[in-house]
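Here is the structure we will look at.
There are 2 protein chains.
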Amino acid sequence: MWYVTTDATDAFLADCRARLAFDLLSNTWNAVVLWALRDGPRRPVELRERIGGISSKVLTETLRRLQFNGLVDRQLHPDAPSRVEYRLTALGRTFLGPIDAVGAWAFEHGDEVMAAQEAAGTADPLSPPPTR
Amino acid sequence: MWYVTTDATDAFLADCRARLAFDLLSNTWNAVVLWALRDGPRRPVELRERIGGISSKVLTETLRRLQFNGLVDRQLHPDAPSRVEYRLTALGRTFLGPIDAVGAWAFEHGDEVMAAQEAAGTADPLSPPPTR
DNA sequence: CAGGATCCCCCAAGATACTG
DNA sequence: CAGTATCTTGGGGGATCCTG
Chain A
1 MWYVTTDATD
11 AFLADCRARL
21 AFDLLSNTWN
31 AVVLWALRDG
41 PRRPVELRER
51 IGGISSKVLT
61 ETLRRLQFNG
71 LVDRQLHPDA
81 PSRVEYRLTA
91 LGRTFLGPID
101 AVGAWAFEHG
111 DEVMAAQEAA
121 GTADPLSPPP
131 TR
Chain B
1 MWYVTTDATD
11 AFLADCRARL
21 AFDLLSNTWN
31 AVVLWALRDG
41 PRRPVELRER
51 IGGISSKVLT
61 ETLRRLQFNG
71 LVDRQLHPDA
81 PSRVEYRLTA
91 LGRTFLGPID
101 AVGAWAFEHG
111 DEVMAAQEAA
121 GTADPLSPPP
131 TR
């Protein structure tokens, strides 16, 4: 993460402004967790069962990172002592838009991607295309 | 990457359909390279100087992966023998939308994120918030 | 110039076990 | 149940050198 602001004339590439957001999506779970918080505060247990396949440790790490970036807020439950809730901040909520755009794209074009993968002929994404 | 299709009632979280797109953004350079190909075919050298900060090796790897997923197409230049060009496929072009959404968000809310980072009081995103 | 081959490092992410 | 502490690993990504 190198959030240097450049004076690049080409405003999108070397410009780290955009990187900042891409980095937020560069974690396996960030987007998923944000999405899981979509409609209201959730406790860690709830999140884990909603999401599925994420360990307690990794969930905590993810939440910490989101918190660090101001997208998520951690609150101790009013009454109970060791009840915890996480919720989106106002900033976090604005990020749902882009996430949705990405998710929606997956639903529309997921098939094509998978088709391309199979058509590739290799299991390894890095090996140069076989024939042709 | 576990592109399993689930029968999840909750269509967004455990459902790997969305993951498929998120994974495409989970690389440091995928989005940047796609964006750099935005307005037409480009040769590797051009890409490198346009982007800045990406090594030849990593660029190749990135392009391979994008090619593998059907987002990018590799073509030998018509006349010259060892001239190469990469271009977006039709599928790849459809992905510019979501990418743009993410990039645009960065320009709008990047300040807030950086402010949050500084307000965090720690340099380490994973350490629990100091006071409070 | 394109891009393969090596070597190295770092860290996200998983598994497991333990505390308040 | 929330969270930390360890240990391990896979692979992305950087640097460097080498070839057609």
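Read top to bottom, the protein sequences are chains A and B. Be aware that the first sequence starts at 1, since it is given in UniProt numbering, and climbs by one per residue. Be aware that the second sequence starts at 1, since it is given in UniProt numbering, and climbs by one per residue. Beta carbons: idealized from backbone N, C-alpha and C, even for Gly.
{"Check": "Per DSSP, which residues does residue 42 (chain B) bridge with? Please list them.", "Outcome": "B:86"}
{"Check": "Check whether chain A comes within 7 Å of residue 132 (chain B), counting only Cβ atoms and requiring the distance to be less than that.", "Outcome": "Bear in mind that a pLDDT of 41 at residue 132 (chain B), under 50, signals an unreliable position, so the number given afterwards is only what the model happens to contain. No, because no Cβ of chain A sits closer than 7 Å to the Cβ of residue 132 (chain B)."}
{"Check": "Measuring alpha carbon to alpha carbon, tell me which of A:19, A:101 and A:126 ends up nearest residue 21 (chain B).", "Outcome": "A:101"}
{"Check": "According to DSSP, is residue 73 (chain A) helix, strand or coil?", "Outcome": "strand"}
{"Check": "Residues of chain B with a CB under 8 Å from the CB of residue 77 (chain A): which are they?", "Outcome": "Correct list: empty, because the minimum Cβ distance to chain B is about 15 Å."}
{"Check": "Confirm, please, whether the CB-CB distance from residue 116 (chain B) to residue 27 (chain A) is below 7 Å.", "Outcome": "no"}
{"Check": "Is it true that the segment 74-86 of chain B meets the segment 41-57 of chain B, where meeting means three or more beta-carbon pairs spaced less than 8 Å apart?", "Outcome": "yes"}
{"Check": "For the putative contact between residue 97 (chain A) and residue 105 (chain B), defined by C-beta atoms under 8 Å, what is the C-beta separation to the nearest angstrom?", "Outcome": "7 Å"}
{"Check": "Given this structure, state the Cα-to-Cα distance separating residue 25 (chain A) from residue 66 (chain A), to the nearest angstrom.", "Outcome": "11 Å"}
{"Check": "Does at least one heavy atom of the ligand COA sit under 6 Å from the Cβ of residue 71 (chain A)?", "Outcome": "The model on display carries no ligand, and the ligand COA is accordingly not part of it."}
{"Check": "Looking only at its own chain, which residues have a Cβ that is under 8 Å from the Cβ of residue 50 (chain B), when we skip the five neighbours before and after it?", "Outcome": "36 and 42"}
{"Check": "Out of B:17, B:19 and B:31, which has the shortest C-alpha to C-alpha gap to residue 18 (chain A)?", "Outcome": "B:31"}
{"Check": "Taking the alpha-carbon positions, what's the residue 121 (chain B) to residue 127 (chain B) distance?", "Outcome": "10 Å"}
{"Check": "Using a Cβ-Cβ cutoff of less than 7 Å, which residues in the same chain neighbour residue 91 (chain B) once the five nearest sequence positions on both sides are dropped?", "Outcome": "70 and 71"}
{"Check": "Could you compute how far the alpha carbon of residue 48 (chain A) sits from the alpha carbon of residue 53 (chain B)?", "Outcome": "38 Å"}
{"Check": "Among B:55, B:73 and B:57, whose alpha-carbon lies nearest the alpha-carbon of residue 38 (chain B)?", "Outcome": "B:73"}
{"Check": "Give the secondary structure of residue 35 (chain A) by DSSP, where H, G and I count as helix, E and B as strand, and everything else as coil.", "Outcome": "helix"}
{"Check": "For a contact meaning CB atoms closer than 7 Å, what does residue 125 (chain B) contact in chain A?", "Outcome": "64, 65 and 68"}
{"Check": "Using a threshold of 7 Å, state whether the C-beta atoms of residue 109 (chain B) and residue 94 (chain A) are closer than that.", "Outcome": "yes"}
{"Check": "Mind checking which residues open and close the alpha helix (DSSP H) that includes residue 68 (chain B)?", "Outcome": "56-68"}
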